[in-house]
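Numbering (full-length UniProt numbering), first residue to last: 1 to 317. Please read the structure below before turning to the comments.
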């Protein structure tokens, strides 16, 4: 079968198309004929071995696929890597049927990024009716869904950040009340100004470094900052307890992996998101579809912040 394999850690240049044996069926795991595979920012960390879980070589990257099982089910599934290939194995409990009316790319946008956005707002930030929420990288895969879900869940004011005018315009189109420049210089002031001069109740943060620091400074008393990424690859300033206690602020970390074995934390949010997509209340954005052979280009674009929405590899192309 055709697959993207890495035999050394590094940047997009280590992603190479090759021929590999098909994975052998295993008890408790589904063999899926892959139609499309999703590309996530976390994949760029996995390929360079800088993610939360250590990688091992050789490896076929890719944590999400959509395709058909041997008995004809159309499923979207999480994989333990191996997704950038014509066939992939997935644990049975991590495969979810895709309803009619939801396209492959939409299903891929929801299985990691959609469920992540749901948990950022519901489980971690515990967003209450009327509260303000900042969504960083609001034109990206998770951010574009978080903007829409925040409005659906009753946010009083959704403040989007993005790096370009085009991305900020997209965030406004998706329902953000205001969109500001994402650069860290004077970011705290811009966030407070965007909230009518008041500090904010919640921030969804995936950049790290000075953006994290500026976001923490923008929190109101009892505000929550949810950290779910480290895209800048720069650590923030260490947090002393007094910095949190002094304004009754919280910093909450989130990693989707901790939801997968817990009842009610994977299939149930995904069911809700798929239903919202099927009836038009939620619009997962498909940023670009690349053939499997262009996986390196997808990673390059993602790391260079040239993308919006969900990146998809068409494995059949």
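C-beta atoms are modelled at their ideal positions from N, C-alpha and C, and glycine is treated no differently.
{"Item": "Limits of the unbroken alpha helix (DSSP H) element including residue 185", "Value": "Counting along the chain, residue 185 falls outside any alpha helix (DSSP H), and DSSP gives it neither H nor E."}
{"Item": "Residue range of the unbroken beta strand (DSSP E) whose run includes residue 164", "Value": "Premise fails: residue 164 is in no beta strand (DSSP E) and is neither H nor E."}
{"Item": "Residues bridged to residue 286 [DSSP beta-bridge criterion]", "Value": "310"}
{"Item": "Three-way DSSP call (helix, strand, coil) for residue 17 in this model", "Value": "strand"}
{"Item": "Closest residue to residue 153 among 120, 97 and 178 (Cα-Cα distance)", "Value": "120"}
{"Item": "Paired residues, beta bridge with residue 291 - DSSP", "Value": "314"}
{"Item": "Residue 132 vs residue 159 beta-carbon contact at 8 angstroms", "Value": "yes"}
{"Item": "Where the beta strand (DSSP E) containing residue 64 begins and where it ends", "Value": "64-68"}
{"Item": "6 angstroms CB neighbourhood of residue 59 in its chain, flanking five on each side removed", "Value": "6 and 81"}
{"Item": "Inter-stretch contact (C-beta, 8 angstroms, three-pair minimum) for the segment 167-183 and the segment 103-115", "Value": "no"}
{"Item": "Segment contact, 8 angstroms Cβ cut-off, at least three pairs: the segment 259-274 with the segment 237-247", "Value": "no"}
{"Item": "Euclidean distance between Cα positions of residue 227 and residue 100", "Value": "34 angstroms"}
{"Item": "Residue of 63, 161 and 40 minimising C-alpha distance to residue 211", "Value": "161"}
{"Item": "Spatially closest choice to residue 339 from 17, 217, 186 and 213, by CA coordinates", "Value": "As displayed, the chain neither begins before 1 nor continues past 317, which places residue 339 out of reach and without an answer."}
{"Item": "Coil, strand or helix - residue 303 by DSSP", "Value": "helix"}
{"Item": "Per DSSP, cross-strand counterpart(s) of residue 248", "Value": "The partner list for residue 248 (beta bridge, DSSP) is empty, contrary to what the question assumes."}
{"Item": "Limits of the unbroken alpha helix (DSSP H) element including residue 212", "Value": "209-217"}
{"Item": "Where residue 235 sits in the DSSP three-state scheme", "Value": "coil"}
{"Item": "Which listed residue (179, 141 and 205) has its alpha carbon closest to that of residue 286", "Value": "141"}
{"Item": "Within 8 angstroms, strictly: CB atoms of residue 178 and residue 202", "Value": "no"}
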